[in-house]
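S.K.:
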Amino acid sequence: MAQKQVTQLELKRDRLARKSDALVENIENLESQLDEQGKLEARREEINADLEELRTCIERIEREAIEAFNMHMETVVDLLDYGNLARIWLEYRNPDGRRDATFELHVTHQTGDGTTYEDSVTHLSESEREVTGLVLALAGYLVHDVHEEIPFILLDSLGAIDSERIAQLVEYLEEYATYIVVALLPEDADALNEEYQRITAI
70 MAQKQVTQLE LKRDRLARKS DALVENIENL ESQLDEQGKL EARREEINAD LEELRTCIER
130 IEREAIEAFN MHMETVVDLL DYGNLARIWL EYRNPDGRRD ATFELHVTHQ TGDGTTYEDS
190 VTHLSESERE VTGLVLALAG YLVHDVHEEI PFILLDSLGA IDSERIAQLV EYLEEYATYI
250 VVALLPEDAD ALNEEYQRIT AI
């Protein structure tokens, strides 16, 4: 009788030991999961911080590009004197301050009596559109420090711009690039200063 009780107690002890081992294993698994969750949450915070830093950097670059464009565009519009074209500028719009930033191009014309009015971009002449594109490219060239890696500007397909304005543009751009290569028709090239090196045949 005593032996039977001992055997039953030993069996009960073994069952409890197995349950105890299972509980310990479950606890260890839960602790491991909690540790992994903590690591994942920490990593998520790092990623969110990196994303916020990138968003801030992108917004800064976008604003610098617009500021550069507006500054150069104002100078070029005055320099080339397109008559009733008063101003071309970009407006930066980022409603929620985080994403979906947009850029709106504005054009202002001036009447003979000095009245200014905002006009559609579609009313720009082909020459004015080409100049606007060139200034936008120049702004990106400078803001993104491209000039540090590629110290030259290549200009081609300037047929819509008259020769005198091409000469003024080249003179303006040479301040911002070590080398400028311009593909021109002979009659347009004649307007440039003789000091520029010319290649008439390849």
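Converting from the sequence shown to the numbering used here requires adding 69 to each position, the first position being numbered 1. Ideal placement from N, C-alpha and C gives every residue a C-beta, glycine not left out.
Pick from E233, A246, I271: whose alpha carbon is nearest that of D259?
M.R.: Position 190 of the sequence shown holds residue 259. Cα-wise, what sits closest to D259 is E233.
S.K.: Quick check: the Cα distance between R129 and R113, rounded to an integer number of angstroms?
M.R.: Taking the sequence shown and counting its residues from 1, the one referred to as residue 129 is at position 60. Taking the sequence shown and counting its residues from 1, the one referred to as residue 113 is at position 44. Rounded to whole angstroms, R129 to R113 spans 24 Å at the Cα level.
S.K.: Under 8 Å, do A206 and D225 count as touching if we go by C-beta distance?
M.R.: Mapped onto the sequence shown, residue 206 falls at position 137. Mapped onto the sequence shown, residue 225 falls at position 156. Cβ atoms of A206 and D225: not closer than 8 Å.
S.K.: Using a 10 Å radius around the Cβ and a threshold of 16 neighbouring Cβ atoms, would you call F221 buried or exposed?
M.R.: Here residue 221 refers to the residue found at position 152 of the sequence shown. The residue is exposed, with fewer than 16 neighbouring Cβ atoms inside 10 Å.
S.K.: Among the residues of its own chain, which have a CB less than 8 Å from the CB of I230, if the five just before and after it don't count?
M.R.: Translated into positions along the sequence shown, residue 230 becomes position 161. For I230, where only same-chain residues beyond five positions count, the Cβ hits under 8 Å are S196, E199, V200, L238.
S.K.: Residues in the same chain with beta-carbon distance under 8 Å from R267, minus the five sequence neighbours each way, listed in chain order, please.
M.R.: Your numbering for residue 267 matches position 198 in the sequence shown. Contacts found: A258.
S.K.: If you pair each beta-carbon of the region 169 to 189 with each one of the region 146 to 161, do three or more pairs fall below 8 Å?
M.R.: A contact exists between the region 169 to 189 and the region 146 to 161.
S.K.: Between which two residues does the beta strand (DSSP E) carrying L193 extend?
M.R.: For the purposes of this step, residue 193 is taken as the residue at position 124 of the sequence shown. Segment: none, L193 is in no beta strand (DSSP E) and carries neither H nor E.
S.K.: Starting from Q237, trace the alpha helix (DSSP H) both ways and give me its first and last residue.
M.R.: Locating residue 237 in the sequence shown gives position 168, counting from the first residue. That run of the alpha helix (DSSP H) goes 232 to 242.
S.K.: What alpha helix (DSSP H) runs, 4 residues minimum, are completely inside the region 103 to 139?
M.R.: Whole alpha helix (DSSP H) segments, 4+ residues: zero.
S.K.: Compare the C-alpha of T171 against each of G209, R132, E143 and name the closest.
M.R.: What you label residue 171 is simply residue 102 of the sequence shown in a count that begins at 1. Cα-wise, what sits closest to T171 is R132.
S.K.: Confirm, please, whether the CB-CB distance from I235 to L227 is below 8 Å.
M.R.: Taking the first residue of the sequence shown as 1, we reach residue 227 at position 158. Taking the first residue of the sequence shown as 1, we reach residue 235 at position 166. For L227 and I235, yes; Cβs fall inside 8 Å.
S.K.: Could you check what DSSP says for Y248 in three-state terms: helix, strand or coil?
M.R.: As a first step, residue 248 is located in the sequence shown; it is residue number 179 there, counting from the start. Three-state DSSP puts Y248 in a strand.
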